[in-house]
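Per our numbering, the sequence shown runs over residues -16 to 152.
Shown next, in structure tokens, is the structure this report addresses.
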Amino acid sequence: MLELFNAEVTLERFPGKGGWTYAPVGQLPFKVKTHFGNLKVCGRLDEVELAEAHLMPMGQGRRFLPVNAELRKKLGKQAGDVVHLRLFAVEEPEELAVSMADFVECLAEVPKALAAFQRLAVEEQQAWLAWVTQAELEDQKVARIEQAIAQLSGEVLTFTPPPVGPGVR
């Protein structure tokens, strides 16, 4: 199994009534491309075994492990306390693909963008989709879809995808 995380962390709590307590994990050594950004993990939180848990996205590539009341009680810890967290990936993350149907469904929310997209040659449509799917993080894909909608609704009918390669985002 791939070790994802092994460090001391301070438990934190999202602000507001009913805010979750969580262990921040930060960015992982690889890109998580699963639907909704969740990743199944196992490991230990101090001396408590985690048979199966989920790392959840926080935005900007960061992840967190929710620590529910039952787990906090077993640990005898709360927000502000330090714990040792060791996590392993349960399964290899799947790549998050955006299909043409998904992309068209997003475009359909702005009829002007959809109409402009449908007037494009098939190769140009595929270039738009390739540009969206080449983003490494889910939030980047969403941002690219939003940018595509904005450009297409402004009647930009030709598209030259930006260069894609190592180090290019």
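For every residue, glycine included, the Cβ atom is placed at its ideal position computed from N, Cα and C.
Keep in mind it's a predicted model, so treat the numbers as computed, not measured.
Residue burial classification, residue i (beta-carbon count within 10 angstroms, cutoff 16)
i       : result
GLU129  : exposed
GLY20   : buried
VAL65   : exposed
GLU35   : exposed
VAL105  : exposed
LYS124  : buried
LEU120  : buried
ARG(-4) : exposed
ALA118  : buried
N- and C-terminal bounds of the alpha helix (DSSP H) containing residue i
i      : result
LYS124 : 121 to 136
LYS57  : 52 to 58
LEU112 : 105 to 116
ALA84  : 83 to 90
Same chain only: Cβ atoms within 8 Å of residue i, ignoring 5 sequence neighbours per side
i      : result
ILE132 : CYS89, LEU90, GLU92, VAL93 and ALA96
ALA126 : ALA118
VAL31  : LEU54, LYS57 and LEU58
Cβ-Cβ separation, residue j to residue i (assumed contact under 8 Å), whole Å
i    : j     : result
ALA6 : LEU48 : 4 Å
Within 7 Å, strictly: CB atoms of residue i and residue j
i       : j      : result
GLN10   : GLY63  : no
LEU70   : VAL24  : yes
LEU22   : LEU38  : yes
THR116  : VAL50  : no
VAL(-8) : LEU58  : no
MET83   : LEU103 : no
VAL87   : ARG46  : no
Beta-carbon contacts of residue i that lie in its chain and below 7 Å, excluding the five residues immediately before and after
i     : result
ARG55 : THR4 and GLN61
VAL73 : LYS23, VAL24, CYS25 and GLU35
ASP29 : LEU58, VAL66 and HIS67
Residue interval of the beta strand (DSSP E) (run including residue i)
i       : result
VAL8    : 4 to 10
LEU22   : 22 to 28
PHE100  : Here PHE100 belongs to no beta strand (DSSP E); instead the alpha helix (DSSP H) covers 94 to 102.
ALA34   : 31 to 42
PRO(-2) : Careful: PRO(-2) lies outside any beta strand (DSSP E) and carries neither H nor E.
Beta-carbon contacts of residue i that lie in its chain and below 6 Å, excluding the five residues immediately before and after
i      : result
LEU135 : ALA96, ALA99 and PHE100
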